[in-house]
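First comes the structure, then the notes that go with it.
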Amino acid sequence: MGVILSRLLQSLAVLLAMSFAVYGLMGLMPGDPIDLMIAGDPHLTAADAARLKALYGLDRPWTERWARWLGQLLQGELGYSRLHARPVIEAMGPAVLNTATLMAASLTLALAIALPLGIAASLRPGSLLDGAVNLLAFASVSLPVFWLGLMLIVVFAVELAWLPAGGMTEVTGDGGGRLAHLVLPVSALALAGIGQYARHMRAAMINEAGHDYIRTAKAKGCSPRRVVLRHQLRNALIPITTIVALEVGGLFSGALITETVFAWPGMGRLIYDAVMGNDFNLALSGLLLATAMTLVGSILADLAYWRLDPRVRRMP
Amino acid sequence: MRRLLAASLLTTMLAAPTVWAKDELVIGITQFPATFNPSIESMLAKTYVLAFAQRPVTAYDASWRLSCLLCETLPTLENGLAKVEGKGIAVTYTLKADAKWGDGQPVTSDDVVFSWTVGRHPQSGVASAELFRRIASIDVKDARTFTLHIDKLTFDYNAINDLRLLPAHLERSRFQPAPAEYRNRTAYDQDTTNPGLYNGPYRIAQVVQGSHVALEPNAHWGGTKPAFKRIVIKAIENTASLEANLLSGGVDMIAGELGLPLDQSLALEKRHGARFAVITKPSLTYEHLDLNLGSAVLGDIRTRRALLLALDRESMTRQLFDGRQPVAHSMVPPPDWVHADDITRYPHDPAKAAALLDEAGWKPGAGGIRVNAGGDKLALELVTTVGNRSRELVAQVLQAQWRKLGIDLRIKTEPPRVLFGETVTKRKFSHMAMFAWYSAPENVPHSSLHSDAIPKADNSWSGQNYTGYANPAMDRLIGSIETELDRPRRKALWRELQALYAEELPALPLYFRADAFVLPKGLKGLEPTGHQDPSPYWVESWRWE
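Chains as they are written, first to last, in my numbering: chain A, 1238 to 1553; chain B, 170 to 714.
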């Protein structure tokens, strides 16, 4: 319990430092929204620029604005999104849900395919199957996701017309078809993730296979299936758990390129637009949510170690 | 049985996209509007979407003539609806009798006064308050007739395209208690599908953030009934995906105002010309190179002229854009009635360009690059927007063509935010910046050519005269054009201005951009405007055939 409390306190410190760094970096970016307005509107006068900067608080030093934002946050207020002219929570809500759906589905699919492939390849290193899994893994990590996405669209939407090319739902009729719209972006993301998970799984399994406890289990007469599933896999899952836990943040920060290619209105796009548009409240909230979720994932990984590894349980 | 059920369920869920009924139209654009209030923050996607649902009092039509959209008669000095008063002018408009908001409330003079009040309030968040400031007061004659008292007499006295009407009966209660909070409380963003917010042929019926906006007919629209029962505007930022959506039937057409780059549209036309028509119209968008006249090299007029003479712009637009983007000789495009043909032109003439450079002291040096007497190389830097394929291609052509004449060009690209938020606005570019001006017909280039519009720290970097061009003759011409009401005399002044521009070359003209509209063969009636007033202002003419 003490360990978890300590981790939570560390996480809060990380979030505070992160918010300061993000705010500072955005504040130091060249140009602000009013400068861009000046460039785009010939009628905007110096007085207009000064008035608008004061209205949006852009005339104050960024440190002062960060301190005000922090004070607001401590009162439970995320503030208003400047770009979307609505509370941050309202602007972010649908995007968080869309991203979580997309990322969770792709992570689940990637793990469901990659882990069995990695295990199978590890059982017969150097075999034809192992070679095929390695080839797939290399292809998966090498192919740029935007290219993969576009190819999937060309084949399955344009040529075969089996699936919609983009968007979240049908835009006409009853607005259904959400599952059909998920297939291509989920496939693109899953295909891009399969490689790394399969290779990690294979490497972890092979590493465990060389340990004494596996030899002992075999000597005791355990069936090969039991050795793999009850002994070897359980320990091999520890590094995989770490990798998956770190992906939790990604569930909420989105995948900018995939979202752009498939016109999926998620957090990646929202955060990018907020950063580029100097929408401090929205950008900061989005980035901090992703950071917080990564930290939560890390704590969950610690809990998983505790469950999977008896040595961790015995630590003082 | 269970398997059969599961299979049929999966088939239903994964069904291919619906075949659209022909009374629906799905339009693809590359940006999603962040907000919907017509007065606060300008954004092209918002202008485009609202053009289906909101009508300004006046707008420029596809022939680039000012016309009434919500008013009955365009006020002029000739028809007596405009009268000079002192240094200003009084202009009287009467709103159309059948102009109504989507909840059945009439559009009234009270809406005009309210919109003006919001526009000129310093805390309302309205960015460009120029028009609202120029209107000193408004006299309401009756529910439909009002007179604007404008404090300065200019030739465009009757153009109030930027006066976007807000429904006072819905918005006043959100504005009056706290004007500084209005931008966050406006019904356009808090209750976007309220029919009472729209006075056009359509109203916004559904908004799926980041994805699409659906429009349905406004039941109280008094004009020609539009042909479509539903129009969906779908945002797909990636242009390759947008094209794929078009080919797969996910969208029916791609808007020219916010659609595919010209080169991509032309490639699509070659491959799928049987299914889609690609309509292009040269627009007011003026692609050019702003020159830093403060630099030692470009301060010399001979070098500027040599640079333009060294370019084969005709061949460049023919090869890169199929000749659909006409070469520019000044900032005024040919369809504009004030365009002048009889000004200095700079056809491709490498020999003359070389002679001018020799005269300016730039002689061929080692390695083929020209050097001056001090041994400095004739090396220039061009900065432009990253990710704009057309500009990147043009920059490479410029580099190659100038290299032949011994000029070394270094190309630098920056994100638009950096280029327009810092480099150009604060005049930090070393030699030249390539970008475009987007304007209205007969737009006086005060902000880009007048000496009082040079951005400096003490004017908060406002103004768009990024070249630093200062010429009293140009200042006088700009002032005269702005206040000259007689058309023939004004046209003569415009000719003088264009001639001076072509002589002095504060910027190097490249070409006028053409927006490409990709339309299904059966869609008729859409006419590109080529200027800032988008084509959906005339959506009633669109139809399937």
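Don't be surprised by glycine CBs; every beta carbon is placed ideally from N, CA and C.
* is_contact[B/I423, chain A] using C-beta, thresh 9 Å -> no
* Compute the distance between the beta-carbons of A/I1356 and A/R1439, then report whether it is under 9 Å. => yes
* Scan the stretch 627-688 of chain B and note each continuous alpha helix (DSSP H) run of 4 residues or more that stays entirely inside, going in chain order. => 641-652 and 656-673
* Asked: So B/S704 packs on B/E426, CB below 8 Å; how close in whole Å?
  -> 7 Å
* From what residue to what residue does the beta strand (DSSP E) around B/E550 run? -> A548 to T554
* Cβ of A/L1380 less than 9 Å from any chain B Cβ? -> no
* Counted within 10 angstroms of its Cβ, other Cβ atoms place B/Q378 as buried (16 or more) or exposed -> buried
* Determine the extent of the alpha helix (DSSP H) in which B/H457 is found, giving its start and end residues. => No alpha helix (DSSP H) contains B/H457, which is instead part of the beta strand (DSSP E) from F445 to L460.
* **Cβ-based burial, B/D627 [other Cβ within 10 Å; buried from 16]** => exposed
* To do: Identify each residue in the stretch 379-407 of chain B for which the Cβ-Cβ distance to at least one residue of chain A is less than 8 Å, and report them in chain order.
  => G379, S380, H381, A383, R399, V401, K403, A404, I405, E406 and N407
* Asked: Under the DSSP definition of a beta bridge, which residues are partnered with B/M422?
  -> B/I196
* Asked: If we ignore side chains and look at the alpha-carbon of each, how far apart do A/T1336 and A/R1544 end up?
  -> 29 Å
* Determine, using beta carbons only, whether B/D331 and B/T204 come nearer to each other than 9 Å. => no
* Using the Cα positions of B/W707 and B/F221, report the straight-line distance between them to the nearest angstrom. => 8 Å
* So A/V1240 is in the alpha helix (DSSP H); what residue range does that whole segment cover? -> G1239 to L1265
* Between the Cα of B/D421 and those of B/L476, B/K521, B/F397 and B/P430, spot the shortest distance and give me the residue it belongs to. => B/F397
* Asked: So, is A/L1344 buried or exposed, given that buried needs 16 or more other C-beta atoms within 10 angstroms?
  -> buried
* Asked: Between the C-alpha atoms of B/G530 and B/T636, what's the straight-line distance to the nearest angstrom?
  -> 23 Å
* Asked: Is the CB of A/N1472 under 9 Å away from at least one CB in chain B?
  -> no
* Range covered by the beta strand (DSSP E) that runs through B/A465 -> Element bounds for B/A465: n/a, residue is neither H nor E.
* To do: With 9 Å as the threshold, decide whether the Cβ of A/R1323 is near any Cβ in chain B.
  => yes
* **B/Y743 - DSSP class collapsed to helix/strand/coil** => This structure leaves residue 743 of chain B out entirely; chain B is present only between 170 and 714.
* Other residues of its chain near B/E406: CB distance less than 6 Å, five sequence neighbours each side excluded -> T199
* Rounded to a whole number of angstroms, what is the C-alpha to C-alpha distance between B/I423 and B/L411? -> 8 Å
* Asked: Do B/E591 and B/V555 come within 9 Å of each other at the CB atom, strictly closer than that value?
  -> no
* To do: Leaving out five residues on either side along the sequence, give the residues of the same chain with a beta carbon under 6 Å from the beta carbon of B/A475.
  => A522, L525 and L526
* If you compare alpha carbons, which of A/V1391, A/M1263, A/D1546 and A/E1496 is closest to B/A413? -> A/V1391
* Within its chain, find whatever has a CB closer than 6 Å to the CB of B/E456; leave out the 5 residues flanking it on each side and keep chain order. => A605, L679, Y680 and R682
* Burial state of A/G1386, where buried means 16 or more other Cβ atoms lie within 10 Å -> buried
* To do: Starting from A/P1502, find everything on chain B with Cβ-Cβ shorter than 7 Å and list it in chain order.
  => Q378, G379 and S380
* **Beta-carbon proximity check, B/A676 vs B/L322, cutoff 9 Å** => no
* Asked: In terms of residues, what are the limits of the beta strand (DSSP E) holding B/Q375?
  -> Y371 to V377
* Is there a Cβ from chain B that is less than 9 Å from the Cβ of A/N1335? -> yes
* On a CA-only basis, which of B/Y638, B/D230, B/V382 and B/A337 is nearest B/D272? Give me that one, please. => B/A337
* Asked: Where do the N-terminal and C-terminal ends of the alpha helix (DSSP H) with B/P521 fall, by residue?
  -> At residue 521 of chain B the sequence reads Lys, which differs from the Pro that was named. B/K521 -> alpha helix (DSSP H) spans P519 to E528.
* Out of curiosity, what's the CA-to-CA distance linking B/A328 and A/L1525? -> 47 Å
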